[in-house]
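*Asks:* Protein sequence lines correspond, in order, to chains A, B and C.
Residues in the first sequence are numbered consecutively from 3, following my numbering.
Residues in the second sequence are numbered consecutively from -3, following my numbering.
Residues in the third sequence are numbered consecutively from 153, following my numbering.
Glycine is no exception: its CB is placed at the ideal position from the N, C-alpha and C atoms.
Have a look at the structure that comes next, please.
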Amino acid sequence: MKIRSIKLSIEQKKTIWAYFFLFVPLTFYLLIRIYPTFSSFNISFTDWDIVSSEKQFIGLENYQKMVNDPVFLKTLVNTFRYVIFGLPVTLVLSFIIAYNLNKIKRGLGLYRTLYFIPYMTSLVAVSWVWRWLYQPLPLGFFNNILSFFGLAQQPFLQSTSQALPSILAPTIWVEIGFQVIIFLAGLKAVPEFLYEAADIDGADNWQKLFKITIPLLRPTIIFLVVMGTIKYLRIFTQVYSMTFQGEGGPLNSTKPLVLYIYNSAFRSFDMGYASAMTVVLFVLILCITLIQLKVLEEK
Amino acid sequence: MYNSNSVKSVGGKMNKEKNNKGKLKRTNSVVYVLLALGGIIMIFPFVWMIATSFKQPWDVYNLSIIPPEATFNNYIRLFEGSNFPRWFLNSFVVGLLVTFSVLFFDSLAGYTLCKFNFKGKKIIFILILSTMMIPTEMLVIPWYIMSNKMGWVNSYWGIMFPGIMTGFGTFLMRQFFQGVPDELIDAARIDGLNEFQIWWKIAMPLVKPAISALAIFTFLGNWNAFLWPLIVISKTELYTLPVGLAFFSGEFQTEWEMVMTGASVATIPVLIVFLIFQKQIIKGIALSGLKG
Amino acid sequence: MKSFFSLLLVKKFLQWSLVFVFVLAFIGMASAEKVEITYWQYFYQTKQETIDVLIDLFEKENPDIIVKHTTFPYENYNTKVAASVPAGVGPNVINLYYGWLPVYIGAGYLQALPEDAFDPEMIEKDFFPLVSAAKVDGKYYALPIAVRSLALIWNKDLFKEAGLDPEIPPKTLDELVEYAQKLTKYDKAGNIIQAGLTTELRGQLHHWVREVLIRQFGGKPYSDDNRKVTYNDQSGYDAFTFFTDLTEKYKVGQVGFLTDDVTAFKAGKAAITIDGSFRIGTLDKLEKLNYGVAEVPSHNGIKSNFASFWANGITSFTEGKQLEASIKFLKFLTSDKTMELWLKNIGELPAKPSVAFKEENINNPKYGPFIKGLEYAHATYFVDEMPQRQVWTDAYDMMTLEGKTVKEAIDTIAETEQNVLDKFYSNK
């Protein structure tokens, strides 16, 4: 009997420590993030335009408008395209790069810096340079290469079908820097002695990769998948800087949801509508994240 | 120098090792070359950005990487005419303070969500994750109203407070703490360390790569923040770098050579922070404790 | 002896201290009488400097007023101003783009300029008619120091090269097309390497379509009360066909050529551009660029132009002594003297004909054509500039990327823009 009561007490002690550790962060998030989020959600039921002192309650009007808004629906499609085409490519490329970076011994610092530079470089500079690369002849680098091989030049950013992939390219290119660093951190956390033991057992590189590396990288991979999904679903500044004055064109073909929200809020001053779309985005991301965590964290 | 032909030596195991190492050497050269090529693609806009910062205004659209009439004028203009050194300092101080705060709180919260079991753990985790699901642009107005009421406008604290803890960092650390063996923690408990000491002395050193990564990303994120500092600050001397640099984008004209100059100088500190912290990522973890 | 001197010294000291204290108190009291008002505008080097000079002059004439001057980056200036409203923070006198006035006035952010100081009839007499864009329900809410308009700018060297007289610009739309065709150069594959005319709707050209071309082809962009879109008729179709023909039929220009109009013209790769008066400052910096300025081409004998301006208004929460001071400051800002200085320093055109039409201004080779254009210029009454601007780029893309006819494109965008207008006027 005595032993049992001591055992419970240790568990209780730990729980108290847990709540103690989480107290400040939770308070912070509730006050600074959750509470403003809810007041933003509340605004979705009004027609507030930021500069008026009254907010008139209009019920579900914003949501009805949203469902019938072809631009909103287009931005949803675009956003999903960014995720579905962007994330897997980024993950695979980043892993390949990180895996190989991890193998080399000399100049690791230099190489790693090289691959991180796109992520560090100011987005304004990155966008400006890529827009130049996509220019039509006689200036555009890509079109010059195409014409060198006798291929027709491409409109890239000026085409409703090519614009989105054209913006995705620099986005992936930048995001690789981020994912490579995280992958490297994860790879470094795999203990050396496991590889040495595998060597003794005569395992080759592929076996080591699939039996040791990837399983041990699981928490890292889960992080990058969940985080990457959220990031791509929230894509905004990249499109804002690659299209003229953030218009998300041509003809809304590159406009993601967050850009539409931003324009509605801060250009058209339609805060109510922007808030309604924010609610939808939030619910969307929450559901997808929950499903991902459930599936991926299954032991 | 290893040569795959010298496999014919004594001992099977030794042979296998040599063979593997020979293969490794060849693979390595290919890898080096490919990575180098990739690296050139990666670095291209960065180089162009720097090159443009040395160009005269009329050469900005000139395609050559070498400026036809190289000049330091843009840098002089940036340092003299504007409040650039002050903006630089502001960004640096804010970035540093926020990074330390994030490293502390996010690691602690991530550790707790990983290594403890308690009621509401899942909900709290989802709650913290959910803070990442709303674009910060939609929060600037509530934050501004709040800052105004509390007297936080036009201050470092005003710029900092939304970012001193993040769901991103908490999630990252939670994942990486999973690699810390529970046995180590239990052993430390038996040795009489309290939970805080266990976290600080035992767990934290084992996740150095993650901490370095978090430090880099947090610093970078704060360094580049634009909208919130713009809203909360109205005194020119308190602006952060991106806001200050926005002065060079006018109503009908963007002075690209100035924008690139500002961008070039803005990238340098991040490069330095990165170079400092990325060494930590190389070091990895010493698991001699576990072996013995 | 010593003690006598020290007594005298002490006395003197006390006397002077008293005087000093009185003087301080007087200054203190005088300062306490001073009224402080705040002025916000967006940052533009010469504008900031000029306002500082003007404030110095104003404060000398009005020693009981202090004006605090704050500037914000142009980017997101509107966001910054808007965000300050729910927080209850703001200036007394504020500089706003005229296109934002409908929203701010509708929200009650600005107060109507007191009629005893700013008589609407006087304003109508003294200022260019385009300033009526700042008028709501017969009351004026803001006044500009300066305005901007469009003109045709041409590269004299490229004209000479193409065998055209470098001093004679095209005067009609037909001449414009003719000249542009002679000035366009192509490479072997048929790509444009020198544009005869810049054709970027995203720059200033959507204004050209809306306020100039549509009128020149016999129509009007909006009804007189600004509430209805009226360009979805034959005149609108004809006007936009003319525009799209430039790139599609005559091939004298290309969207996105050298990234944008200004870049192309500055680089000497575009021969003619239609741009605003604000461009002159930039062009002057390029020593090798030899350019001329002329009025926007006419068509069917019709001349039209687009003008825009940033106006100064007084916020609605300004009252009492601050309101008095703000009124004085606003009057000062919109005086003839200020407008002269503004033109000299910044190159923005005076908002009053009395100043603009002075000999030296109207005959100025660079600013003259812009000023002449003010006489027949219109300032579009924007209620939400972004979508209203966007529809024209969309119409162009619909025709060139989706193969729609001009009627389909114009009818579609007319509906879109009408929805924007309806939404704005629905709760008025």
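Quick check: the Cα distance between H221(C) and T232(B), rounded to an integer number of angstroms?
*Replies:* Translated into the one-based positions of the third sequence, residue 221(C) becomes position 69. Translated into the one-based positions of the second sequence, residue 232(B) becomes position 236. If I take the Cα positions, the gap works out to 11 Å.
*Asks:* Measure the beta-carbon distance from D385(C) to G405(C) and round it to whole angstroms, keeping in mind my assumption that it falls under 8 Å.
*Replies:* Walking along the third sequence from the start, residue 385(C) turns up at place 233. Walking along the third sequence from the start, residue 405(C) turns up at place 253. Not a contact, Cβ separation roughly 26 Å.
*Asks:* Check whether chain A comes within 8 Å of V94(B), counting only Cβ atoms and requiring the distance to be less than that.
*Replies:* Here residue 94(B) refers to the residue found at position 98 when the second sequence is read from its first residue. Closer than 8 Å: no.
*Asks:* Quick one: residues in its chain with C-beta nearer than 6 Å to the C-beta of L553(C), no 5 flanking neighbours on either side, listed in chain order?
*Replies:* Indexing the third sequence from 1 puts residue 553(C) at position 401. Within the same chain, L553(C) has no close Cβ partners at all.
*Asks:* Just the chain B side, please: which residues come within less than 8 Å of Y196(C) by C-beta, in chain order?
*Replies:* Within the third sequence, numbered from 1, the residue matching residue 196(C) stands at position 44. Near Y196(C) (Cβ distances below 8 Å), the residues of chain B are G246, E247.
*Asks:* Is it buried or exposed, Y250(C), if we count other Cβ atoms within 10 angstroms and call 16 or more buried?
*Replies:* Locating residue 250(C) in the third sequence gives position 98, counting from the first residue. Buried, because 16 or more other Cβ atoms sit within 10 Å of the Cβ of Y250(C).
*Asks:* Counting beta carbon pairs with one atom in the stretch 144 to 155 of chain A and one in the stretch 187 to 207 of chain A, are three or more of them shorter than 8 Å?
*Replies:* Verdict: no, contact absent.
*Asks:* Would you mind giving the Cβ-Cβ distance between F23(A) and A206(B), rounded to the nearest angstrom? I have them listed as a contact below 8 Å.
*Replies:* Counted from its first residue, the first sequence places residue 23(A) at position 21. Counted from its first residue, the second sequence places residue 206(B) at position 210. Between A206(B) and F23(A) the Cβ distance is about 18 Å, and since that is not below 8 Å, they are no contact.
*Asks:* By the 10 Å Cβ neighbour count, where 16 or more other Cβ atoms means buried, how is K440(C) classified, buried or exposed?
*Replies:* Counted from its first residue, the third sequence places residue 440(C) at position 288. Under this definition K440(C) is an exposed residue.
*Asks:* Flag Y57(B) as yes if its beta-carbon sits less than 8 Å from any beta-carbon of chain C, otherwise no.
*Replies:* Stepping through the second sequence from its first residue, residue 57(B) is reached at position 61. So yes, Y57(B) belongs to the interface.
*Asks:* Let me confirm a value: S169(C) is counted as buried when at least 16 other C-beta atoms fall within 10 Å, else exposed. Which label applies?
*Replies:* Here residue 169(C) is taken as the residue at index 17 of the third sequence, counted from 1. Its Cβ having fewer than 16 others within 10 Å, S169(C) is exposed.
*Asks:* How many angstroms separate the CA atom of R541(C) from the CA atom of W360(C)?
*Replies:* Within the third sequence, residue 541(C) is the residue found at index 389, counting from 1. Within the third sequence, residue 360(C) is the residue found at index 208, counting from 1. The alpha-carbon atoms of R541(C) and W360(C) are separated by roughly 12 Å.
*Asks:* Which parts of the stretch 183 to 228 of chain C are runs of the alpha helix (DSSP H), unbroken and 4 residues or longer, counting only runs that do not cross its ends?
*Replies:* Counting only runs of 4 or more, we get 197 to 213.
*Asks:* List, in order along the chain, the chain C residues whose C-beta lies closer than 7 Å to that of R269(A)?
*Replies:* Indexing the first sequence from 1 puts residue 269(A) at position 267. The answer, in chain order, is M538.
*Asks:* Once you ignore the five residues that flank I203(C) on each side, which residues in its own chain have a CB closer than 8 Å to its CB?
*Replies:* Locating residue 203(C) in the third sequence gives position 51, counting from the first residue. For I203(C), where only same-chain residues beyond five positions count, the Cβ hits under 8 Å are Y191, Q193, H221.
*Asks:* Nearest-angstrom Cα distance between R82(B) and L237(B)?
*Replies:* Position 86 of the second sequence holds residue 82(B). Position 241 of the second sequence holds residue 237(B). Rounded to the nearest angstrom, the two C-alpha atoms are 9 Å apart.
*Asks:* Assign I454(C) to one of two classes, buried (16 or more other C-beta atoms within 10 Å of its C-beta) or exposed (fewer than that).
*Replies:* Here residue 454(C) refers to the residue found at position 302 of the third sequence. I454(C) should be labelled exposed.
*Asks:* Output yes or no for whether 8 Å exceeds the beta carbon distance between L209(C) and A463(C).
*Replies:* By one-based count along the third sequence, residue 209(C) stands at place 57. By one-based count along the third sequence, residue 463(C) stands at place 311. Not in contact: L209(C) and A463(C) (Cβ atoms no closer than 8 Å).
*Asks:* Out of L168(B), I124(B), F244(B), V149(B), state which residue places its alpha-carbon closest to the alpha-carbon of A259(B).
*Replies:* Residue numbering aside, residue 259(B) sits at position 263 when the second sequence is read from its first letter. Of the listed residues, the one whose Cα sits closest to A259(B) is F244(B).
*Asks:* Comparing C-alpha positions only, which one of I216(A), F59(A), F144(A) sits nearest to I45(A)?
*Replies:* Counting from one through the first sequence, the residue named residue 45(A) turns up at place 43. Here the closest residue by C-alpha is F59(A).
*Asks:* Please confirm whether F290(B) and C110(B) have their CB atoms less than 8 Å apart.
*Replies:* Because residue 290(B) is not part of the residues shown, which for chain B are -3 to 288, the question remains open.
*Asks:* Would you call the stretch 10 to 17 of chain A in contact with the stretch 34 to 43 of chain A, where contact means no fewer than 3 C-beta pairs closer than 8 Å?
*Replies:* The stretch 10 to 17 of chain A vs the stretch 34 to 43 of chain A: no contact.
*Asks:* Tell me whether M279(A) is buried or exposed, calling it buried when 16 or more other Cβ atoms sit within 10 Å of its Cβ.
*Replies:* Mapped onto the first sequence, residue 279(A) falls at position 277. Counting Cβ neighbours within 10 Å, M279(A) comes out buried, since at least 16 surround it.
*Asks:* Kindly indicate which three-state DSSP category L304(C) falls into: helix, strand or coil?
*Replies:* Taking the first residue of the third sequence as 1, we reach residue 304(C) at position 152. In the structure shown, L304(C) sits in a strand (DSSP, three-state: E or B).
*Asks:* Residues in the same chain with beta-carbon distance under 8 Å from E13(B), minus the five sequence neighbours each way, listed in chain order, please.
*Replies:* Sequence index remark: in the second sequence, residue 13(B) carries index 17 (1-based). Low confidence applies to E13(B): its pLDDT is 43, below 50, so where it sits in the model is not reliable enough to give any reading.
*Asks:* How should G251(A) be labelled, buried or exposed, when 16 other C-beta atoms within 10 angstroms of its C-beta is the threshold for buried?
*Replies:* Taking the first sequence and counting its residues from 1, the one referred to as residue 251(A) is at position 249. Per the 10 Å Cβ criterion, buried.
*Asks:* Hey, is T411(C)'s beta-carbon within less than 8 Å of any beta-carbon in chain A?
*Replies:* The residue labelled residue 411(C) in the question sits at position 259 within the third sequence. For T411(C), the answer is yes, since a Cβ of chain A falls inside 8 Å of its Cβ.
*Asks:* In the DSSP assignment, find the unbroken beta strand (DSSP E) run with F212(A) in it and report its ends.
*Replies:* Indexing the first sequence from 1 puts residue 212(A) at position 210. Element bounds for F212(A): n/a, residue is neither H nor E.
*Asks:* According to DSSP, H451(C) sits in a beta bridge with which residue or residues?
*Replies:* Locating residue 451(C) in the third sequence gives position 299, counting from the first residue. H451(C) pairs with I454(C).
*Asks:* Can you pull the chain C neighbours of F243(B), defined as C-beta to C-beta under 7 Å?
*Replies:* Within the second sequence, the letter at position 247 stands for residue 243(B). Going along chain C in sequence order, the residues near F243(B) (Cβ under 7 Å) are F195, P225.
*Asks:* Could you tell me whether the Cβ atoms of V56(B) and E253(B) are closer together than 8 Å?
*Replies:* For the purposes of this step, residue 56(B) is taken as the residue at position 60 of the second sequence. For the purposes of this step, residue 253(B) is taken as the residue at position 257 of the second sequence. In contact: V56(B) and E253(B) (Cβ atoms closer than 8 Å).
*Asks:* By how many angstroms is the C-alpha of S255(A) removed from the C-alpha of N265(A)?
*Replies:* The count along the first sequence starts at 1 and reaches residue 265(A) at position 263. The count along the first sequence starts at 1 and reaches residue 255(A) at position 253. Approximately 15 Å between the Cα atoms of the pair.
*Asks:* With DSSP as the reference, label T245(A) as helix, strand or coil.
*Replies:* Position 243 of the first sequence holds residue 245(A). Correct three-state label for T245(A): coil.
*Asks:* From L410(C), K323(C), G420(C), E527(C), pick the residue whose C-alpha is nearest to that of N457(C); which is it?
*Replies:* Within the third sequence, numbered from 1, the residue matching residue 457(C) stands at position 305. Among L410(C), K323(C), G420(C), E527(C), the Cα nearest to that of N457(C) belongs to E527(C).
*Asks:* Measure the C-alpha to C-alpha separation of Y589(C) and Y292(C) and round it to an integer number of angstroms.
*Replies:* With chain C represented from 153 up to 580, any question about residue 589(C) goes unanswered, as that position is not in the structure.
*Asks:* At the 8 Å Cβ level, is Y256(C) part of the contact set with chain A, yes or no?
*Replies:* Mapped onto the third sequence, residue 256(C) falls at position 104. Chain A, which has a Cβ nearer than 8 Å to the Cβ of Y256(C), makes this yes.
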